[in-house]
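Student:
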Amino acid sequence: MGRGKFGAKGGSRLFVAYAAASLVPVAVLGAVLVTGYRNDAARQAEEQGRAQAVVIAEMAVAPALEEADLTAGLTQTQRERLHAATDFAIFHGSVVRLRLRSFSGQVIFSDDGSTAGGIPVADPAFRTAAVGQTDVAVVPDTERGNGEVIRVLEPVVASASGRAIGVLELYLPYESIAAQLREQMRVTYWRLAAGLVGLYLVLALISWSTTRSLRRYAAQQEREALHDVLTGLPNRAAFRLRAKSALENAPKRGAFVLVDLNHFKEVNDTLGHHAGDELLKVVAGRLVAALRPEDTVTRLGGDEFGLILPGVDRDEVLALLSGARARLTEEIVLDGIPLTIEASFGVALYPEHGAAVEELLQCADAAMYQGKRGTHGIVVYAGGEVAHSTQWLVVQAELRHALERDELVLHYQPKIRLSDGQICGVEALVRWQHPMRGLLAPADFLPAAEQSGLIEPLTDWVLRRALADQRDWTTAGRTWPVAVNVSARNLDQPNFADSVSALLAESGTPEDMLMLEVTETALAGDTPAALRAVVDIVEHGIGVAVDDFGVGYTSLSQLRAIPVSEIKIDRLFVDGLSRNPQSEAIVRSVIELAHGLGCWVTAEGVETEEVRHWLYDAGCDAAQGTLLGSPLTWNDLIETTTADRTRRDIPAAAGS
Numbered sequence: 012m013g014r015g016k017f018g019a020k021g022g023s024r025l026f027v028a029y030a031a032a033s034l035v036p037v038a039v040l041g042a043v044l045v046t047g048y049r050n051d052a053a054r055q056a057e058e059q060g061r062a063q064a065v066v067i068a069e070m071a072v073a074p075a076l077e078e079a080d081l082t083a084g085l086t087q088t089q090r091e092r093l094h095a096a097t098d099f100a101i102f103h104g105s106v107v108r109l110r111l112r113s114f115s116g117q118v119i120f121s122d123d124g125s126t127a128g129g130i131p132v133a134d135p136a137f138r139t140a141a142v143g144q145t146d147v148a149v150v151p152d153t154e155r156g157n158g159e160v161i162r163v164l165e166p167v168v169a170s171a172s173g174r175a176i177g178v179l180e181l182y183l184p185y186e187s188i189a190a191q192l193r194e195q196m197r198v199t200y201w202r203l204a205a206g207l208v209g210l211y212l213v214l215a216l217i218s219w220s221t222t223r224s225l226r227r228y229a230a231q232q233e234r235e236a237l238h239d240v241l242t243g244l245p246n247r248a249a250f251r252l253r254a255k256s257a258l259e260n261a262p263k264r265g266a267f268v269l270v271d272l273n274h275f276k277e278v279n280d281t282l283g284h285h286a287g288d289e290l291l292k293v294v295a296g297r298l299v300a301a302l303r304p305e306d307t308v309t310r311l312g313g314d315e316f317g318l319i320l321p322g323v324d325r326d327e328v329l330a331l332l333s334g335a336r337a338r339l340t341e342e343i344v345l346d347g348i349p350l351t352i353e354a355s356f357g358v359a360l361y362p363e364h365g366a367a368v369e370e371l372l373q374c375a376d377a378a379m380y381q382g383k384r385g386t387h388g389i390v391v392y393a394g395g396e397v398a399h400s401t402q403w404l405v406v407q408a409e410l411r412h413a414l415e416r417d418e419l420v421l422h423y424q425p426k427i428r429l430s431d432g433q434i435c436g437v438e439a440l441v442r443w444q445h446p447m448r449g450l451l452a453p454a455d456f457l458p459a460a461e462q463s464g465l466i467e468p469l470t471d472w473v474l475r476r477a478l479a480d481q482r483d484w485t486t487a488g489r490t491w492p493v494a495v496n497v498s499a500r501n502l503d504q505p506n507f508a509d510s511v512s513a514l515l516a517e518s519g520t521p522e523d524m525l526m527l528e529v530t531e532t533a534l535a536g537d538t539p540a541a542l543r544a545v546v547d548i549v550e551h552g553i554g555v556a557v558d559d560f561g562v563g564y565t566s567l568s569q570l571r572a573i574p575v576s577e578i579k580i581d582r583l584f585v586d587g588l589s590r591n592p593q594s595e596a597i598v599r600s601v602i603e604l605a606h607g608l609g610c611w612v613t614a615e616g617v618e619t620e621e622v623r624h625w626l627y628d629a630g631c632d633a634a635q636g637t638l639l640g641s642p643l644t645w646n647d648l649i650e651t652t653t654a655d656r657t658r659r660d661i662p663a664a665a666g667s
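Numbering follows the numbering used here, with no gaps: position 340 of the sequence shown is 351.
#1: Just to confirm the assignment, what range does the alpha helix (DSSP H) spanning Leu597 have?
#2: Contact between the segment 443-463 and the segment 401-421: three or more CB pairs below 8 Å?
#3: Just to confirm before moving on: does the CB-CB distance between Ile597 and Cys631 stay below 9 Å?
#4: Using a threshold of 9 Å, state whether the C-beta atoms of Leu525 and Ala479 are closer than that.
#5: Roughly how many whole angstroms lie between the Cα atoms of Ala236 and Ala248?
#6: So what's Arg524 in DSSP terms, helix, strand or just coil?
#7: Report the three-state DSSP secondary structure of His412 (helix, strand or coil).
#8: In angstroms, rounded to a whole number, what distance separates the CA positions of Ala71 and Val118?
#9: Give me the Cβ distance between Thr82 and Ser113, rounded to the nearest whole Å; I'm assuming they're in contact under 8 Å.
#10: Measure the C-alpha to C-alpha separation of Tyr361 and Ile389 and round it to an integer number of angstroms.
#11: Could you tell me whether the segment 458-476 touches the segment 497-510, where touching means 3 or more Cβ pairs closer than 8 Å?
#12: Write down the C-beta distance between Val160 and Ala53 rounded to the nearest angstrom, noting that I regard them as a contact closer than 8 Å.
#13: May I have the straight-line CA-CA distance separating Glu372 from Leu282, to the nearest angstrom?
#14: Taking all protein chains shown into account, do 16 or more other C-beta atoms lie within 10 angstroms of the C-beta of Arg92, making it buried, or fewer, making it exposed?
#15: Could you give the residue range of the beta strand (DSSP E) that holds Thr613?
#16: Along the alpha helix (DSSP H) that carries Glu77, what are the first and last residues, could you check?
#17: When you compare only the Cα positions, how much space is there between Val546 and Ser518?
#18: If you drop the 5 nearest sequence neighbours on each side, which residues of the same chain put their C-beta closer than 8 Å to that of Val65?
#19: Which one or two residues does DSSP pair with Gly464 in a beta bridge?
#20: If you count every other CB in all the chains shown that lies within 10 Å of the CB of Pro349, and 16 or more means buried, which is it?
#21: Among Phe560, Phe275, Leu419, whose alpha-carbon lies nearest the alpha-carbon of Leu604?
#22: What did DSSP end up calling Phe456 once you bin it into helix, strand or coil?
#23: Pick from Ile67, Pro453, Ala335: whose alpha carbon is nearest that of His94?
#24: Do the CB positions of Glu522 and Glu438 come within less than 9 Å of each other?
#25: Is there a Cβ of chain C sitting closer than 9 Å to that of Gly312, yes or no?
#26: Buried or exposed: Phe250, going by 16 or more other Cβ atoms within 10 Å of its Cβ?
#27: Return the CA-CA distance between Glu341 and Ala634, expressed in angstroms with no decimal places.
#28: What separation, rounded to the nearest whole angstrom, lies between the Cα atoms of Leu474 and Leu514?
#29: At what residues does the beta strand (DSSP E) containing Pro135 begin and finish?
#30: In chain order, what residues of the same chain have a beta carbon less than 7 Å from the beta carbon of Val213, not counting five sequence neighbours either side?
#31: Are three or more beta carbon pairs between the segment 572-584 and the segment 548-558 nearer than 8 Å?
#32: Ignore the nearest five residues each way along the sequence and tell me which others in Ile548's own chain have a CB closer than 8 Å to its CB.
#33: I'd like the span of the beta strand (DSSP E) that includes Val294, first residue to last.
#34: Suppose only complete runs of 3+ residues qualify. What are the beta strand (DSSP E) ranges in the segment 160-192, listed by chain order?
#35: So for Tyr200, helix, strand or coil by DSSP?
#36: Could you please give the first and the last residue of the uninterrupted alpha helix (DSSP H) stretch that includes Ser355?
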């Protein structure tokens, strides 16, 4: 898999950009420092020339001009004294040229005896010296035609009077000073270069370190975005990317597999989430070890894993997954408790079952849940044999969000005792307040939940909400037991009875205030797990009712072996009861059979007074139906079903 947009090339480009950006200020700083050093060197030369000119003016020229008036010229004696004072300096080259000028600019004395030359009187430098200040500058040596000299214009002050009497125009050699300055500058340049190079290297090191940190951070972010933190496996996003790549690239065949752990919730609930996390790590490691290096193992979320197996046919997939399943079922010890991991595998082959990722995932999902409902742990998608309709797939996806968003609501249908017309209990019926389609009845979504793993969290939600509502209406003065429907898949859950008992304890509800209704169809299969679950539920003190009795063909031996406390006659036999002799015979027989077994009998679907009276005469204990009360929220039920509204004078009606 690629390293993302911020990979090695991106990091190198960023480092080069940082390095180039760092070089600009370093170069500018170097230029500023060099210019500053040069200016300092020039000022140093000028100061040196100024000092030398002051010495010559004060120690040589001024004493030789005692009582001199330059406007009148020099006497022979004064001229001889000037020659004597300056010849040595001229001879040894410490002075290149020397002129003594009056304020009018006339050359009164020069080292070579000429009376011409010199800077114009109008030159600012001359005017500066004429007013008593020194002017120093490094200028080209125009008279000799090469090199540079230090030109100094210094006011000449007579020793006796202390006043300026003229201007000394002095040219000093610059080459020796320049050589000395060049040497100093050479050393300075080397030091400066070393410092700037060191600074640049530090900045480059910082840039390199920064870009490396950014690369690592980007790689970490990319990994976290595409990998599961707990197991280190690729996550759902990575699965989709790799699945798409597998479909687009050779080989042209392969399989997508969804793996769901069975009873993982019980591990979390019993041993804690730390044990569940450890179990997921073990499963991840075993799946990776059991498959080929070219296969992809991902964690899609929760206890669901996704596999991409390229280049395999049906037989090869089954062989691979059989080995993986055998590896998974090896015993593991968590918190000192030995466990056996079981999982359901749903397989979709490409291109046989589809050419798009979503299409294949739907097929694999359908096959996986078929495996969870049956005895086979590995199921290959087989068209209509195991497929969910597109509608159910959409409903399942939306129902998952509905549970998260708390879009479900409970309505309660009263159960009326026929002897006195009083409410003797209520049945919780789940509804879905769909944001787009309004209030949905159970038939619109429960089949989709039954065909998937959603029935377990859905039942848990219904139990919790029903017990909470039961506590509230008990506080309001209504001591009605509540009945909750559970499915065959709930009965297959290990420790289902224990989890229900824990919910009762958590809500503070007595066991005899809850009734669990199980359809006769769920018991007709004679599955040991379902029968054992019913026994466990009853042993916890919770009542069990057989719902929809009469349509599931439960044998008498089964009914005798199952410790149920209530039988609910299906509406199929109750509807039109007074007009159908066969239905009357069946219902009368069921009532007698149930009473013989010590069970309470409730008839469903009572819609007319005639049927109600018939049931009362036949000895039926209770009834439900639109005649006796439609499903309502518990608040509405309290308001609309007061004692005087629900009471029915059954004996009087029967005798009329």
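Built from N, CA and C at the ideal position, the CB exists for glycine as well.
Tutor: Reading off the structure:
#1: Contrary to the premise, residue 597 reads as Ile rather than Leu in this sequence. Segment 592-607, the alpha helix (DSSP H) holding Ile597.
#2: yes
#3: no
#4: no
#5: 8 Å
#6: The sequence shown places Met at residue 524, not Arg. Reduced to three states, the DSSP call for Met524 is helix.
#7: helix
#8: 18 Å
#9: 6 Å
#10: 17 Å
#11: yes
#12: That pair is no contact at about 13 Å.
#13: According to the sequence shown, residue 372 is Leu rather than Glu. In a straight line, the C-alpha of Leu372 is about 32 Å away from that of Leu282.
#14: buried
#15: 611-614
#16: Looking at the DSSP string, Glu77 is not in any alpha helix (DSSP H), and its letter there is neither H nor E.
#17: 23 Å
#18: Thr145, Glu165
#19: None; Gly464 has no bridge partner.
#20: exposed
#21: Phe560
#22: coil
#23: Ile67
#24: no
#25: The structure shown has no chain C; it contains just one protein chain.
#26: buried
#27: 51 Å
#28: 8 Å
#29: Run containing Pro135: none in the beta strand (DSSP E); it sits in the alpha helix (DSSP H), 135-141.
#30: none
#31: yes
#32: Phe507, Ala508, Val511, Leu527, Val555
#33: Segment 284-301 is the alpha helix (DSSP H) holding Val294; no beta strand (DSSP E) there.
#34: 175-184
#35: helix
#36: Not the alpha helix (DSSP H): Ser355 falls in the beta strand (DSSP E), residues 354-361.
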